[in-house]
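The opening position of the first sequence corresponds to residue 1 in the UniProt record's numbering, with each subsequent residue numbered one higher.
Note that the Cβ used here is the ideal one computed from N, Cα and C, for glycine as well.
Small disclaimer: the values here were computed from a predicted structure and weren't measured.
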Amino acid sequence: MKIASFNINGVKARLPALLEWLREARPDVVALQEIKSQDSTFPREPIEDLGYNVATHGQKGFNGVAILARRPIEDVVRGLPGDPDDAQARWIEATVAGEAGAVRVCCLYAPNGNPAPGPKYDYKLAWMARLEAHAAELLAREEPTVLAGDWNVIPQPEDAADPEAWREDALFLPQSRAAFRRILHQGWWDALRTLHPEKGLYTFWDYQAGAWRRDHGIRIDHLLLSPQAADRLRACEIDRHVRGGEKPSDHAPIWAELEI
DNA sequence: ATGGTTGATCCTCAA
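Right, dumping it as C-alpha cells:
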C-alpha cells in the first residue's frame, strides 16, 4: 500500500497538478493538507473519477485536510481530540483496509506558529501537546498507524539547506523541535530517515526569493510510523519533481510503500 | 539586510 502526504496549498487552484500527480504516482491513500476549501466546495468529482473515495474536513478560506483512498474510508474522526473549542480544521483520521490488514491513517496540518514568540506560537505548542497525547493513545493500540502530514517542524539542521536562515523561525525553534522529538520518542519511526540518512532531502521550497531555483528547501512534511507499520516499510520517497511543475504547490508529495 | 510569491477572500491575512 502506497501512502502519501501532500500539502497542496489550495485544492481548487491546485486541481490540475493534483490530478496529474494522482495519475502518475497512483497512491493508494493520500493525506492532503491546506485544501483551503469547505467540505461543500471540495472538488470531489474529478478525484472520484480517478477511482478515489474522499473524506474531507474543511473550513472557509484557510487550513483544511482530506483523505483520499482507493479502498473504502472507514471510522473517520474529524478534528484533533483534546479541545472541543478549537475551530481550526487541521486533523482527520480514518482506517483503510489493505490486502494484508488495515492501516490507521492520520492526516495532520500542524500550525505554522509564526511570528514567535506570540499567540500563534503559543497555539502551535498547545496543538503539538494535544497531538502528543493523542499520538500516545494511537500507539497504545499496537496497530499499523501513520501520522502523515505537514508538521511545520524542521527536525534537524540537516533538514534545511540553510539552517541559519531558520534559526529564529517557529519551524526550527528549540521548543518546536523538542515537541516533535517528544512524539517521535514515544516509539514512532520517521519513515524517510529510517531509509534515507543523506542530506538535501526537502519537501518545501518557498515561493519567494527563488528558493526552488536555488534549492533552499526544508523538510517539514513527515510520515511517522507505529512499530507495526514500520515493520512493513519497503520504500519512502519525496516526489521532488512535482515542485517544478506547472502552477505547483510550495510543497512536494512524500510517500511510503508499506506491505499491507 | 532586504525582499521576494501565492491563494482565498472581502482587500488583507496566512503562509
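Using only the alpha-carbon positions, how far apart do residue i and residue j sit?
i	j	result
residue 4	residue 253	7 angstroms
residue 60	residue 10	11 angstroms
residue 117	residue 23	42 angstroms
residue 228	residue 76	21 angstroms
residue 67	residue 203	19 angstroms
residue 250	residue 89	20 angstroms
residue 183	residue 8	25 angstroms
residue 188	residue 225	5 angstroms
residue 138	residue 206	33 angstroms
residue 123	residue 109	13 angstroms
residue 163	residue 172	8 angstroms
residue 198	residue 40	42 angstroms
residue 129	residue 175	11 angstroms
residue 115	residue 121	7 angstroms
residue 126	residue 220	18 angstroms
residue 78	residue 33	13 angstroms
residue 42	residue 56	8 angstroms
residue 151	residue 132	12 angstroms
residue 17	residue 245	8 angstroms
Let me confirm a value: residue i is counted as buried when at least 16 other C-beta atoms fall within 10 Å, else exposed. Which label applies?
i	result
residue 168	exposed
residue 155	buried
residue 111	buried
residue 135	buried
residue 27	buried
residue 12	exposed
residue 36	buried
residue 208	exposed
residue 248	buried
residue 243	buried
residue 50	exposed
residue 222	buried
residue 267	The first residue shown for the chain is 1 and the last is 260, placing residue 267 beyond what the model contains.
residue 178	exposed
Once you ignore the five residues that flank residue i on each side, which residues in its own chain have a CB closer than 6 angstroms to its CB?
i	result
residue 106	93, 147
residue 236	191, 192, 195, 256
residue 180	153, 155
residue 234	257, 259
residue 14	8, 249
Quick one: measure Cβ to Cβ for residue i and residue j, integer angstroms, because I've assumed they're closer than 8 angstroms.
i	j	result
residue 103	residue 1	7 angstroms
residue 144	residue 101	6 angstroms
residue 218	residue 159	6 angstroms
residue 53	residue 69	5 angstroms
So, for residue i: in the same chain, excluding its five sequence neighbours on each side, which residues have a beta-carbon less than 7 angstroms away from its beta-carbon?
i	result
residue 216	161, 162, 205
residue 98	1, 260
residue 19	46, 50
residue 62	36
Going by beta carbon distance, what residues of the same chain come within less than 8 angstroms of residue i, once the five residues before and after it are set aside?
i	result
residue 170	112, 113, 114, 115, 116, 120, 121, 124, 152, 176
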